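4 protein chains.
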Amino acid sequence: MASLLSRRQFTIEWSHCDPAGIVFNPRFFEFFDWGTWMLFEAALGVKPSDLASAFGIVGIPLVDAGARFLSPARFGDVVELTSQVSEFRRSSFDVEHRLLVRGAVAVEGRETRVWAVRDPADSSKIKSQPIPPDVAARFRVQ
Amino acid sequence: MASLLSRRQFTIEWSHCDPAGIVFNPRFFEFFDWGTWMLFEAALGVKPSDLASAFGIVGIPLVDAGARFLSPARFGDVVELTSQVSEFRRSSFDVEHRLLVRGAVAVEGRETRVWAVRDPADSSKIKSQPIPPDVAARFRVQ
Amino acid sequence: MASLLSRRQFTIEWSHCDPAGIVFNPRFFEFFDWGTWMLFEAALGVKPSDLASAFGIVGIPLVDAGARFLSPARFGDVVELTSQVSEFRRSSFDVEHRLLVRGAVAVEGRETRVWAVRDPADSSKIKSQPIPPDVAARFRVQ
Amino acid sequence: MASLLSRRQFTIEWSHCDPAGIVFNPRFFEFFDWGTWMLFEAALGVKPSDLASAFGIVGIPLVDAGARFLSPARFGDVVELTSQVSEFRRSSFDVEHRLLVRGAVAVEGRETRVWAVRDPADSSKIKSQPIPPDVAARFRVQ
Chain A
1 MASLLSRRQF TIEWSHCDPA GIVFNPRFFE FFDWGTWMLF EAALGVKPSD
51 LASAFGIVGI PLVDAGARFL SPARFGDVVE LTSQVSEFRR SSFDVEHRLL
101 VRGAVAVEGR ETRVWAVRDP ADSSKIKSQP IPPDVAARFR VQ
Chain B
143 MASLLSRRQF TIEWSHCDPA GIVFNPRFFE FFDWGTWMLF EAALGVKPSD
193 LASAFGIVGI PLVDAGARFL SPARFGDVVE LTSQVSEFRR SSFDVEHRLL
243 VRGAVAVEGR ETRVWAVRDP ADSSKIKSQP IPPDVAARFR VQ
Chain C
285 MASLLSRRQF TIEWSHCDPA GIVFNPRFFE FFDWGTWMLF EAALGVKPSD
335 LASAFGIVGI PLVDAGARFL SPARFGDVVE LTSQVSEFRR SSFDVEHRLL
385 VRGAVAVEGR ETRVWAVRDP ADSSKIKSQP IPPDVAARFR VQ
Chain D
427 MASLLSRRQF TIEWSHCDPA GIVFNPRFFE FFDWGTWMLF EAALGVKPSD
477 LASAFGIVGI PLVDAGARFL SPARFGDVVE LTSQVSEFRR SSFDVEHRLL
527 VRGAVAVEGR ETRVWAVRDP ADSSKIKSQP IPPDVAARFR VQ
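Taken in order, these protein sequences are the chains called A, B, C and D.
Just so you know, the first sequence maps onto residues 1 to 142 in this note's numbering.
Just so you know, the second sequence maps onto residues 143 to 284 in this note's numbering.
Just so you know, the third sequence maps onto residues 285 to 426 in this note's numbering.
Just so you know, the fourth sequence maps onto residues 427 to 568 in this note's numbering.
Printed below as a string of structure tokens:
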């Protein structure tokens with residue numbers, strides 16, 4: 001069974017670029033964040049801003065992220081971002097992102113996030129919680 | 143005669159918002175920048191990244207900007223940005239931006255930019271230059 | 285009586301600059317935000333993150349902002365940001381910012397903010413409230 | 427022999443934080459970028475903006491980056507960023523970053539960058555080049 005993949009096309013803006021005229025690397029991590037919210041909306045059918053309340057969580061905070069920058073993305077490039085959960089574990093999961101420029105992968109990204117609730121013992125803290133099976137199931141494509 | 147107006151719809155992202163859960167004000171100025179590039183592409187038919195070379199300029203740098211924040215834009219809001227030149231002067235021009243949330247104007251912005259070339263007397267500097275009449279003409283709608 | 289002025293020196297980073305090699309304009313509004321928080325900490329003696337709880341407000345949201353860009357700030361420039369309340373009104377106030385590069389004003393900014401509390405009639409909204417006289421007094425310098 | 431370590435203390439700003447009230451992850455990659463420029467200035471004694479011209483390179487572009495987020499950094503936190511080259515290879519090198527909040531490591535980051543020159547065969551491209559031994563030597567601490 002495959003994993004749901006979401007796609008978003010957009011244009012690289014002047015605002016995304018650095019003095020070298022290419023996308024400044026932290027912007028890619030911002031794009032990955034867009035991708036994860038978009039993927040969750042596609043899979044779960046709830047608006048990103050309703051995700052927490054719909055599932056009784058505080059959110060899906062990031063615990064690890066990384067990227068390989070294979071080729072630059074430049075001002076004016078029309079790019080495609082694809083995002084897909086590569087693995088669900090007990091209470092954490094990995095999202096893989098690819099940014100394509102002219103059909104070729106320019107950046108490969110990954111995020112590890114946790115399914116997090118407020119800690120009942122200390123409301124200033126959060127803790128991970130098992131991902132409901134029906135949540136994970138909705139990311140599978142027959 | 144009316145002035146060409148460009149529109150862009152997009153969704154307010156988590157990345158745009160501050161701890162109050164609303165768009166952090168500098169992001170609106172980033173949106174205005176998007177709007178101006180989009181408007182110039184619509185009017186002149188050249189990609190933003192080709193604007194400078196197509197017209198022999200270094201760019202259209204900002205000399206003044208401002209915004210009124212009438213109501214907040216929140217994570218998940220689908221917004222519409224409209225951008226329009228309100229006045230062309232000899233070598234500078236004003237762009238008016240409006241950000242609509244649920245059909246109501248939430249933010250009014252304005253930018254004053256100049257048509258700039260490299261200073262022939264000192265290549266490390268730029269200077270304004272008269273805007274070609276046929277450039278201004280393309281922003282008029284019959 | 286003069287108005288308290290706060291100063292912050294910092295270096296223009298690669299991350300602040302656009303493909304023209306100069307500070308991208310929304311970053312200046314981010315710097316102004318830094319300046320306002322810094323000024324309030326200097327005047328009121330409370331950490332920015334404690335401001336809301338210390339004064340029973342939700343914050344000091346922005347209702348208007350603007351800037352004049354007189355000369356560019358470039359990667360590596362050591363700049364000085366000065367911030368000062370120019371006027372307190374009943375429930376709103378103006379902050380003036382100046383960014384100096386090599387001793388000359390490169391950017392003049394202004395913000396209008398309101399002293400805001402949660403609306404008792406609708407907790408999803410905020411409303412302005414009179415600024416306590418002893419708050420305004422602490423911004424005066426004998 | 428140890429590797430030169432640079433330190434920078436700063437305060438987490440409102441502008442760095444997301445609706446959860448903690449630093450938005452792409453900002454950490456921006457901080458890492460600050461750290462690398464600061465480290466190179468400390469080691470080589472040239473301003474970041476002069477690095478390219480001083481060494482005949484186009485820059486030190488990023489080819490890989492990653493971070494582990496161990497605990498959040500919040501608005502108002504005074505943090506310390508330490509940056510250090512962990513390995514120089516023929517034409518690439520790794521920089522390790524640590525962000526400490528109240529003395530404990532909150533984020534561990536790493537960047538892999540290359541020593542890059544303009545490609546003589548195609549000036550629109552860049553290529554890696556061996557790192558001069560005297561450059562690497564200046565990052566060593568006796």
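For every residue, glycine included, the Cβ atom is placed at its ideal position computed from N, Cα and C.
Here the structure is a predicted model, which means the values were calculated and not measured.
Rounded separation between residue 328 of chain C and residue 501 of chain D - CA only: Along the third sequence, one-based indexing puts residue 328 of chain C at 44. Along the fourth sequence, one-based indexing puts residue 501 of chain D at 75. Distance between the alpha carbons of residue 328 of chain C and residue 501 of chain D: 17 angstroms.
Strand pairing of residue 211 of chain B, partner residues [DSSP]: Numbered from its first residue, the second sequence carries residue 211 of chain B at position 69. B:249.
For residue 224 of chain B: DSSP bridge partner residues: By 1-based counting over the second sequence, the position of residue 224 of chain B is 82. According to DSSP, which records beta bridges pairwise, residue 224 of chain B is partnered with B:149 and B:240.
Chain D within 8 angstroms of residue 409 of chain C, Cβ atoms only: Position 125 of the third sequence, counted from the start, is the residue given in the question as residue 409 of chain C. Not one chain D Cβ lies under 8 angstroms of residue 409 of chain C.
Where the alpha helix (DSSP H) containing residue 169 of chain B begins and where it ends: Locating residue 169 of chain B in the second sequence gives position 27, counting from the first residue. Counting along the chain, the alpha helix (DSSP H) containing residue 169 of chain B begins and ends at 167–186.
Distance CB(residue 369 of chain C)-CB(residue 377 of chain C) smaller than 8 angstroms: Walking along the third sequence from the start, residue 369 of chain C turns up at place 85. Walking along the third sequence from the start, residue 377 of chain C turns up at place 93. Yes.
Three-pair Cβ contact test at 8 angstroms for the stretch 452–471 of chain D versus the stretch 343–356 of chain C: no
Contact set between residue 348 of chain C and chain B, taken where Cβ atoms lie within less than 9 angstroms: Taking the third sequence and counting its residues from 1, the one referred to as residue 348 of chain C is at position 64. Near residue 348 of chain C (Cβ distances below 9 angstroms), the residues of chain B are 208, 209, 210 and 211.
Three-way DSSP call (helix, strand, coil) for residue 519 of chain D in this model: Taking the fourth sequence and counting its residues from 1, the one referred to as residue 519 of chain D is at position 93. DSSP places residue 519 of chain D in strand when its eight states are reduced to three.
For residue 169 of chain B and residue 541 of chain D, the rounded distance between their alpha carbons: Numbered from its first residue, the fourth sequence carries residue 541 of chain D at position 115. Numbered from its first residue, the second sequence carries residue 169 of chain B at position 27. Straight-line Cα distance between these residues: approximately 33 angstroms.
Best match in D:456, D:515, D:507 and D:448 for proximity to residue 124 of chain A [C-alpha to C-alpha]: The residue given as residue 124 of chain A occupies position 124 in the first sequence. Per the Cα distances, D:448.
Where residue 319 of chain C falls, given that 16 or more other Cβ within 10 Å makes a residue buried: Residue 319 of chain C sits at position 35 when you count from the first residue of the third sequence. Buried.
Below-8 angstroms beta-carbon distance, residue 499 of chain D vs any chain A residue: Taking the first residue of the fourth sequence as 1, we reach residue 499 of chain D at position 73. So, not an interface residue.
Pairwise C-alpha distance: residue 121 of chain A and residue 567 of chain D: Mapped onto the fourth sequence, residue 567 of chain D falls at position 141. Mapped onto the first sequence, residue 121 of chain A falls at position 121. Rounded to the nearest angstrom, the two C-alpha atoms are 46 angstroms apart.
Residue from D:560, D:457, D:532 and D:488 with nearest C-alpha to residue 432 of chain D: Against the fourth sequence, residue 432 of chain D aligns to sequence position 6. Here the closest residue by C-alpha is D:457.
Closer than 8 angstroms to chain E by CB, residue 313 of chain C: In the displayed structure, chain E is absent; the protein chains listed are A, B, C and D.
Residue 113 of chain A burial status per 10 Å Cβ neighbour count (16 or more: buried): Mapped onto the first sequence, residue 113 of chain A falls at position 113. Looking at its Cβ environment, which holds 16 or more other Cβ atoms inside 10 Å, residue 113 of chain A is buried.
Cutoff 8 angstroms: residue 439 of chain D Cβ touching any chain C Cβ: Looking up residue 439 of chain D in the fourth sequence gives position 13. It does: the Cβ of residue 439 of chain D has a partner Cβ on chain C nearer than 8 angstroms.
Closest Cα partner of residue 14 of chain A within the set C:294, C:293 and C:304: Counting from one through the first sequence, the residue named residue 14 of chain A turns up at place 14. Considering only alpha carbons, the answer is C:304.
Proximity test, Cβ basis, 8 angstroms: residue 541 of chain D and chain C: The count along the fourth sequence starts at 1 and reaches residue 541 of chain D at position 115. By this cut-off, residue 541 of chain D is not an interface position.
Closest residue to residue 415 of chain C among C:348, C:361, C:344 and C:388 (Cα-Cα distance): Taking the third sequence and counting its residues from 1, the one referred to as residue 415 of chain C is at position 131. Nearest of C:348, C:361, C:344 and C:388 to residue 415 of chain C, Cα basis: C:344.
Span of the alpha helix (DSSP H) around residue 52 of chain A: Residue 52 of chain A sits at position 52 when you count from the first residue of the first sequence. Here the alpha helix (DSSP H) through residue 52 of chain A covers 51–55.
Interface flag, residue 121 of chain A vs chain D, CB-CB below 8 angstroms: Here residue 121 of chain A corresponds to residue number 121 of the first sequence, with the count starting at 1. It does not; no Cβ of chain D falls within 8 angstroms.
N- and C-terminal bounds of the beta strand (DSSP E) containing residue 342 of chain C: For the purposes of this step, residue 342 of chain C is taken as the residue at position 58 of the third sequence. Per DSSP, residue 342 of chain C belongs to no beta strand (DSSP E) and is neither H nor E.
Assigned secondary structure, residue 15 of chain A (DSSP; H/G/I helix, E/B strand, else coil): The residue you call residue 15 of chain A lines up with position 15 of the first sequence. The answer is helix: DSSP assigns residue 15 of chain A an H, G or I state.
Alpha-carbon to alpha-carbon, residue 64 of chain A and residue 418 of chain C: Locating residue 418 of chain C in the third sequence gives position 134, where the first residue counts as 1. Locating residue 64 of chain A in the first sequence gives position 64, where the first residue counts as 1. Answer to the nearest angstrom: the Cα atoms are 46 angstroms apart.
Counted within 10 angstroms of its Cβ, other Cβ atoms place residue 87 of chain A as buried (16 or more) or exposed: Walking along the first sequence from the start, residue 87 of chain A turns up at place 87. With fewer than 16 other Cβ atoms within 10 Å, it is exposed.
is_contact[residue 133 of chain A, chain D] using C-beta, thresh 8 angstroms: Position 133 of the first sequence, counted from the first residue, corresponds to residue 133 of chain A. Closer than 8 angstroms: no.
Under 7 angstroms by beta carbon: chain C residues contacting residue 50 of chain A: Against the first sequence, residue 50 of chain A aligns to sequence position 50. Here the premise fails: no neighbours, minimum Cβ distance about 15 angstroms.
Per-residue burial, residue 379 of chain C [other beta carbons within 10 Å of its own, 16 or more giving buried]: Along the third sequence, read from residue 1 onward, the residue named residue 379 of chain C stands at position 95. With 16 or more other Cβ atoms within 10 Å, it is buried.
Whole-Å CB distance - residue 78 of chain A paired with residue 11 of chain A, under 8 angstroms assumed: Taking the first sequence and counting its residues from 1, the one referred to as residue 78 of chain A is at position 78. Taking the first sequence and counting its residues from 1, the one referred to as residue 11 of chain A is at position 11. With a Cβ gap of about 5 angstroms, residue 78 of chain A and residue 11 of chain A count as contacting.
Beta-carbon proximity list for residue 450 of chain D, same chain, < 6 angstroms, skipping 5 on both sides: The residue given as residue 450 of chain D occupies position 24 in the fourth sequence. The answer, listed in chain order, is 444.
Option nearest residue 529 of chain D by Cα separation, candidates D:564, D:435, D:430 and D:473: The residue labelled residue 529 of chain D in the question sits at position 103 within the fourth sequence. Of the listed residues, the one whose Cα sits closest to residue 529 of chain D is D:435.
Assigned exposure category for residue 251 of chain B - 16 Cβ within 10 Å defines buried: Reading the second sequence from its first residue, position 109 is the one you call residue 251 of chain B. Buried: at least 16 other Cβ atoms inside 10 Å.
Residue 33 of chain A classed as buried or exposed, judged by whether at least 16 other C-beta atoms fall within 10 angstroms: The residue labelled residue 33 of chain A in the question sits at position 33 within the first sequence. So residue 33 of chain A counts as buried.
Local conformation of residue 134 of chain A per DSSP, three classes: Working through the first sequence from its first residue, we reach residue 134 of chain A at position 134. Residue 134 of chain A: helix per DSSP, three-state reduction.
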